[in-house]
Structure formats: structure tokens, C-alpha cells
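This report concerns only the one structure given below.
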Amino acid sequence: MPVMVVVLSRAAEADVVGWPDPSGPVWILRPGATELAGHVGRHRAESVVVLTRPQDARAGRLAMTVAAGANPATRFAMRVAPVSVLALAALGRQAVGTCASAADVLRWVDAHLDDLLSGVCLTRVGKLDRPSPGIWQHLRSMLPGSPGFVVTFGDQARVSSTPLEVAQEATLLVGASDPAAAAPQLQGARPVTVPPAVSTQECYGSAGAEFVALPRPRELPPARTTCRICDEPSDDLTCPFCHVVLNPQEHVA
Numbered sequence: 073m074p075v076m077v078v079v080l081s082r083a084a085e086a087d088v089v090g091w092p093d094p095s096g097p098v099w100i101l102r103p104g105a106t107e108l109a110g111h112v113g114r115h116r117a118e119s120v121v122v123l124t125r126p127q128d129a130r131a132g133r134l135a136m137t138v139a140a141g142a143n144p145a146t147r148f149a150m151r152v153a154p155v156s157v158l159a160l161a162a163l164g165r166q167a168v169g170t171c172a173s174a175a176d177v178l179r180w181v182d183a184h185l186d187d188l189l190s191g192v193c194l195t196r197v198g199k200l201d202r203p204s205p206g207i208w209q210h211l212r213s214m215l216p217g218s219p220g221f222v223v224t225f226g227d228q229a230r231v232s233s234t235p236l237e238v239a240q241e242a243t244l245l246v247g248a249s250d251p252a253a254a255a256p257q258l259q260g261a262r263p264v265t266v267p268p269a270v271s272t273q274e275c276y277g278s279a280g281a282e283f284v285a286l287p288r289p290r291e292l293p294p295a296r297t298t299c300r301i302c303d304e305p306s307d308d309l310t311c312p313f314c315h316v317v318l319n320p321q322e323h324v325a
């Protein structure tokens with residue numbers, strides 16, 4: 073395959089999970105030292121785009137280094153973003169279904185990350201650490217009959233017991249078999265249920281459902297430059313695949 077998208081999360085329910093179905097096109101793996109290398113060895117790809125959260129970034133970089141050494145014909149690049157695992161999987165699926173090259177998959181992810189809204193609806197927040205709940209939220213979480221909490225990620229990360237209003241024009245995906253799992257906490261856009269990306273119990277310490285509100289897709293502008301080594305388009309000063317420093321004078325103003 074030309075491009076493989078892999079989401080690394082230590083909360084993955086198995087060593088390898090195809091999302092949204094067993095055939096992919098996005099794969100969710102645990103960030104162990106050998107899982108990614110073995111998966112790429114079994115499913116040959118020209119390029120692999122790795123997406124992960126800050127909590128798994130260190131292990132993810134090690135896994136990618138091992139995989140690159142074991143699969144020298146494959147190019148690897150990584151993006152780390154403070155969003156839900158479901159958001160990474162959904163955005164990766166959207167990107168690989170839209171873009172022809174691995175570099176444009178990365179550019180698509182970069183272009184849409186800031187506009188999405190993601191988080192998780194939880195029944196308890198006692199084991200949550202990013203973002204950290206307040207003491208009263210901890211206490212309320214322990215009481216029977218708690219209505220639950222909405223946790224949002226990103227620059228405005230917070231924990232709240234107030235329902236979250238989602239713009240109606242957004243595509244709201246909820247990772248749950250039952251749409252009622254997040255119904256009390258999410259208002260506005262009509263939710264679409266999709267297979268969970270990870271176990272919320274394992275990832276956040278509580279039963280619940282991850283969600284992501286995807287913005288309307290935007291058209292990618294032309295890349296600022298092209299890597300002279302691997303010929304991939306790039307908006308960065310360093311090629312994300314071969315790590316060659318690009319000449320700033322090569323960038324289109």
C-alpha cells in the first residue's frame with residue numbers, strides 16, 4: 073500500500089486493531105518496541121504516518137525508530153497532538169481517503185487539527201490526570217447518581233459537568249456501540265456512533281465514550297516547497313520523512 077496510517081496508544085484493546093473495521097484503513101497499535109515494526113513488516117507500505125497523543129509520544133518515537141530500522145524501505149513520519157484517540161483515528165482515516173501522498177496526509181492532519189473539538193464523556197474522573205479534575209469534581213465523581221463529566225482536550229482542556237454544545241454543522245463521531253452513552257453530555261450536532269478506538273476504562277480510568285467533532289474539510293493549498301531528497305511536498309523547514317533541512321529560500325512566499 074502507498075500510505076499506512078497508524079495510531080499508537082497504550083490503551084489499545086489488542087496489539088493491533090483495524091479501525092473502523094478489521095481491514096483498516098487506520099490501524100491502532102500499542103506503542104511497544106516491536107509491535108509497529110512487526111505490523112509494517114506484515115503489511116508492506118511505502119510510507120507510514122504515525123499519530124499519537126503526548127502521553128504516548130516517547131514510546132511512540134522509540135517504536136518508530138525500531139520500525140524504521142527493521143523496514144529500511146519504508147519512510148516514517150510522526151505527529152503528536154493533545155486530542156482523543158478517536159480524533160486521531162478519524163482524522164487519519166479522513167486524510168488517507170482524501171490525499172494521494174503521505175506528505176499530503178500529514179499536511180491534511182496539520183490543517184484540520186486546530187479546528188476539531190475532541191474529548192471524552194466519563195462517568196468518573198478519579199483516575200483522570202490530563203486535564204486534572206478539581207477536588208470537588210473528584211468528590212462528585214464518587215457519589216452515586218453522578219450525571220457524568222465532559223472532558224475536552226487541546227488548548228482549552230477542561231473537565232466539566234455541564235453539557236457541551238457542539239456546532240450543528242460539525243460531524244460529531246462518538247466511539248460507542250450505544251449512542252446514549254454520551255447523549256446527556258453532548259448537545260447540538262447529532263452524534264454518529266462509530267467503533268471505539270480504545271477502551272476508556274484503560275485510557276481514562278472510567279467507563280465512557282470518546283468523541284470528536286470534525287470540521288468541514290478544507291482544500292489544501294500548494295505546499296511551500298518540495299524535498300530535494302525524497303521529492304515529497306512540505307510546509308516545514310525539515311522534511312518530516314527523511315529529515316533533511318530544506319533551504320528556506322526554496323519556500324514559496
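Count along the sequence shown starting at 1, add 72, and that's the number in our numbering.
Glycine included, every Cβ here is placed at the ideal spot set by N, Cα and C.
By the Cβ test, the region 127-134 is not in contact with the region 162-181, since fewer than three Cβ pairs between them sit closer than 8 Å. Taking the C-beta atoms as reference points, Pro154 is found nearer than 7 Å to Pro126. Secondary structure of Pro154 (DSSP, three-state): coil. Nearest neighbour of His184 by Cα position, chosen from His115, Cys314, Phe221, Ala167, turns out to be Ala167. Taking the Cα positions, Pro92 is about 34 Å away from Val316. Judged by their CB atoms, Phe313 and Arg147 are nearer to each other than the 7 Å cut-off. The three-state secondary structure of Met76, taken from DSSP, is strand. Assignment of Gln259 by DSSP, reduced to helix, strand and coil, places it in the strand class. Nearest in C-alpha terms to Val197, of all of Trp180, Ser233, Asp186, is Ser233. Closest in C-alpha terms to Cys171, from the list Cys311, Tyr276, Asp87, Glu304, comes Glu304.
The residue among Ala281, Gln259, Arg230 with its C-alpha nearest the C-alpha of Ala242 is Gln259.
Between the C-alpha atoms of Arg116 and Thr298 there is a straight-line separation of about 25 Å. Counting other Cβ atoms within 10 Å of its Cβ, Gly169 stays below 16 and is therefore classed as exposed.
Residues of the same chain with a CB within less than 6 Å of the CB of Pro205, apart from the 5 flanking positions on each side, are Val197, Val231 in chain order. The alpha-carbon of Ala269 is positioned some 21 Å away from that of Ala105.
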